[in-house]
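These notes are about the structure you will find just below.
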Amino acid sequence: DAKTTQPPSMDCAEGRAANLPCNHSTISGNEYVYWYRQIHSQGPQYIIHGLKNNETNEMASLIITEDRKSSTLILPHATLRDTAVYYCIVKAANYGQNFVFGPGTRLSVLP
Amino acid sequence: GAVVSQHPSRVICKSGTSVKIECRSLDFQATTMFWYRQFPKQSLMLMATSNEGSKATYEQGVEKDKFLINHASLTLSTLTVTSAHPEDSSFYICSAREQSPNEQFFGPGTRLTVL
Numbered sequence: 291d292a293k294t295t296q297p298p299s300m301d302c303a304e305g306r307a308a309n310l311p312c313n314h315s316t317i318s319g320n321e322y323v324y325w326y327r328q329i330h331s332q333g334p335q336y337i338i339h340g341l342k343n344n345e346t347n348e349m350a351s352l353i354i355t356e357d358r359k360s361s362t363l364i365l366p367h368a369t370l371r372d373t374a375v376y377y378c379i380v381k382a383a384n385y386g387q388n389f390v391f392g393p394g395t396r397l398s399v400l401p
Numbered sequence: 101g102a103v104v105s106q107h108p109s110r111v112i113c114k115s116g117t118s119v120k121i122e123c124r125s126l127d128f129q130a131t132t133m134f135w136y137r138q139f140p141k142q143s144l145m146l147m148a149t150s151n152e153g154s155k156a157t158y159e160q161g162v163e164k165d166k167f168l169i170n171h172a173s174l175t176l177s178t179l180t181v182t183s184a185h186p187e188d189s190s191f192y193i194c195s196a197r198e199q200s201p202n203e204q205f206f207g208p209g210t211r212l213t214v215l
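Line order of the protein sequences matches chains A and B.
Per my numbering, residue 291 is the first one in the first sequence, and the count goes up by one each step.
Per my numbering, residue 101 is the first one in the second sequence, and the count goes up by one each step.
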């Protein structure tokens with residue numbers, strides 16, 4: 291079973307920031323928070339991941355709470371092409387663990 | 101990031117035939133590859149994990165004799181759906197893991213339709 295909880299769907303206006311929340315209250319100390327997204331009929335695309343500190347890359351920012359029980363993915367200026375299902379996954383860095391996908395959040399960016 | 105390719109991207113076949121899907125890591129060596137299945141409006145479900153040169157490990161409920169996995173080299177894994185039936189119609193996605201720095205990359209998926 292997925293160890294994360296996400297809202298099933300969200301809307302965002304084009305050009306505005308999209309803030310996608312994720313709860314992972316049972317996260318272990320060695321587990322990272324990963325975000326992937328899946329555009330319709332494509333494979334999952336890596337977005338970002340982090341352990342404790344906030345992370346930023348060219349696609350998004352990841353804000354992790356101090357207790358690590360929740361996080362928020364921020365797309366600073368959403369475009370129509372960001373419409374996708376966004377998956378928040380917690381996974382240890384050790385070699386043996388797989389990615390377990392939950393239902394994710396369906397983000398619709400509206401013109 | 102590294103690239104994982106799948107071939108074919110979509111296939112339509114008749115019931116009872118077998119279909120082979122290839123997954124390749126294009127610019128890295130993947131010691132482990134994963135096969136997922138995704139039904140419409142559902143999330144990805146892991147089917148099996150394969151390590152190069154050894155037998156695949158299947159998830160509970162996935163028939164190993166129906167979904168044959170071969171991982172003969174560090175850059176290629178194949179999934180063969182034997183005696184396909186309409187209920188096998190799905191989106192099949194592979195993923196490849198690079199040992200160092202232990203990152204995992206997903207392929208674009210293969211849409212299988214069994215008539």
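No residue lacks a Cβ here, since even glycine has one placed at the ideal position from N, Cα and C.
From a predicted model like this one, the values you see are computed outputs, not experimental measurements.
The three-state reading of DSSP puts aspartate 357/A in coil, since its state is none of H, G, I, E or B. For glycine 333/A, the nearest CB of chain B lies under 7 Å from its own CB, placing it at the interface with that chain. Within chain B, no C-beta atom comes nearer than 8 Å to that of proline 297/A; the closest sits roughly 15 Å away. As the crow flies, the alpha-carbon of glutamine 335/A is around 5 Å from that of tyrosine 326/A.
Taking 7 Å as the threshold, the shortest C-beta distance from proline 108/B to chain A does not fall below it. Proline 311/A sits in a strand when the DSSP states are folded into three classes. Burial of threonine 210/B is indicated by the presence of at least 16 other C-beta atoms within 10 angstroms of its C-beta.
The alpha carbon of threonine 346/A has as its nearest neighbour, out of Tyr324/A, Ser331/A, Thr395/A, the alpha carbon of Tyr324/A. Residue burial annotation: glutamine 142/B is exposed, with fewer than 16 other C-beta atoms found within 10 angstroms of its C-beta. Counting C-beta atoms within 10 angstroms of its own C-beta, leucine 215/B has fewer than 16 neighbours from the protein chains shown and is therefore classed as exposed. Per DSSP, the unbroken beta strand (DSSP E) holding histidine 171/B starts and ends at 167-173. Put simply, the CB of proline 208/B is near chain A, with a gap under 7 Å to one of its CB atoms. For histidine 107/B, the uninterrupted beta strand (DSSP E) segment begins and ends at 104-107.
In the three-state scheme derived from DSSP, where H, G and I count as helix and E and B as strand, glutamate 163/B is classed as coil. Nothing from the stretch 300-315 of chain A brings a Cβ to less than 9 Å from some Cβ of chain B. The three-state secondary structure of arginine 137/B, taken from DSSP, is strand. Taking C-beta atoms under 8 Å as the contact rule, glutamate 304/A and threonine 395/A fail to qualify, at a distance of about 18 Å.
The Cβ-Cβ distance between tyrosine 158/B and lysine 166/B does not fall below 7 Å.
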